[in-house]
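In this note's numbering, the protein residues as written are 19 to 175.
All C-beta atoms, glycine included, are put in the ideal place defined by N, C-alpha and C.
Since the structure is predicted, the reported quantities are computational estimates derived from the model, not experimental observations.
Before any comments, here is the structure.
As structure tokens, this is what we get:
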């Protein structure tokens with residue numbers, strides 16, 4: 019197997035995890051939003067914002083993949099099999115972080131959306147805060163992933 023392919027695949031997994039997780043998380047939250055809006059259309063602003071929150075992990079995955087593919091990988095003097103497989107392993111970890119973070123953030127947002135009409139909108143800010151806790155894992159996946167691929171590549175951090 020070509021080691022360049024292995025390394026490229028690993029670095030591309032960040033965006034794949036973000037896309038997959040964001041799709042699931044947003045779909046879950048938006049589905050709950052439709053139910054709420056059918057009964058209470060006045061909560062559109064709160065629903066649309068909460069349903070959109072899980073999309074951010076797609077951007078974190080994109081940033082990881084683009085930094086890796088355009089900045090780190092071309093800067094590697096010699097791509098050894100160990101470095102290539104390390105990029106794949108790190109990419110799998112970033113995939114998991116972005117995927118799980120977006121999906122679970124969608125679950126938190128879905129729960130908050132369901133409660134918005136019951137609380138007359140009072141739960142909206144609380145849901146945003148709680149959803150940001152889950153978002154942190156997507157941010158950490160990006161940051162730790164980038165630091166690790168930079169270390170493997172031998173770049174100064």
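Item to complete: Within the same chain, show all residues whose beta-carbon is closer than 7 Å to that of residue 21, passing over the 5 residues directly before and after it, in chain order.
Response: Apart from sequence neighbours up to five positions away, the residues of its chain that approach residue 21 with a beta-carbon distance below 7 Å are 97, 99 and 102, ordered along the chain.
Item to complete: Let me know the alpha helix (DSSP H) ranges lying completely inside the stretch 97-154, each 4 residues or longer, listed in chain order.
Response: Within the stretch 97-154, the alpha helix (DSSP H) runs of at least 4 residues that lie entirely inside it are, in chain order, 99-133.
Worksheet item: What do you reckon, are the CB atoms on residue 159 and residue 77 nearer than 9 Å?
Response: For the 9 Å CB-CB criterion, residue 159 and residue 77 do not form a contact.
Discussion item. Which of the three DSSP states is assigned to residue 19 in this structure?
Written reply: Of the three classes helix, strand and coil, the one that applies to residue 19 here is coil, per DSSP.
Practice prompt. Can you give me the Cβ contacts of residue 40 inside the same chain, cut-off strictly under 6 Å, excluding the 5 residues immediately before and after it?
Written response: 72, 73, 75, 76 and 120, listed in sequence order.
Practice prompt. Kindly list the residues whose CB is nearer than 8 Å to the CB of residue 137, restricted to its own chain and excluding five residues on each side of it in sequence; keep chain order.
Written response: Hits under 8 Å: none found.
Worksheet item: Residues in its own chain within less than 7 Å of residue 166 by CB, not counting five upstream and five downstream?
Response: So the list reads 108, once near-sequence residues are dropped.
Worksheet item: Quick one: what's got a C-beta closer than 8 Å to residue 110's C-beta in the same chain, skipping five residues either side?
Response: Taking residue 110 as the centre and dropping the five residues before and after it, the same chain places the C-beta of 28 and 31 closer than 8 Å to its C-beta, in chain order.
Worksheet item: How about the stretch 146-158 and the stretch 123-130: do they share at least three Cβ pairs that are nearer than 8 Å?
Response: Contact annotation: the stretch 146-158 touches the stretch 123-130, with at least three C-beta pairs closer than 8 Å.
Worksheet item: Between 90, 162, 126 and 84, which lies nearest to residue 114 when the distance is taken from Cα to Cα?
Response: Comparing Cα-Cα distances from residue 114 to each of 90, 162, 126 and 84, the minimum goes to 162.
Worksheet item: residue 35 to residue 106, Cα distance in whole Å?
Response: Taking the straight line from one Cα to the other gives about 13 Å.
Discussion item. Just to confirm before moving on: does the CB-CB distance between residue 91 and residue 171 stay below 9 Å?
Written reply: With contacts defined by Cβ atoms closer than 9 Å, residue 91 and residue 171 form a contacting pair.
Fill in: Beta-carbon proximity of residue 44 to residue 139, cut-off 9 Å
No, the pair does not count as a contact, with Cβ atoms beyond the cut-off.
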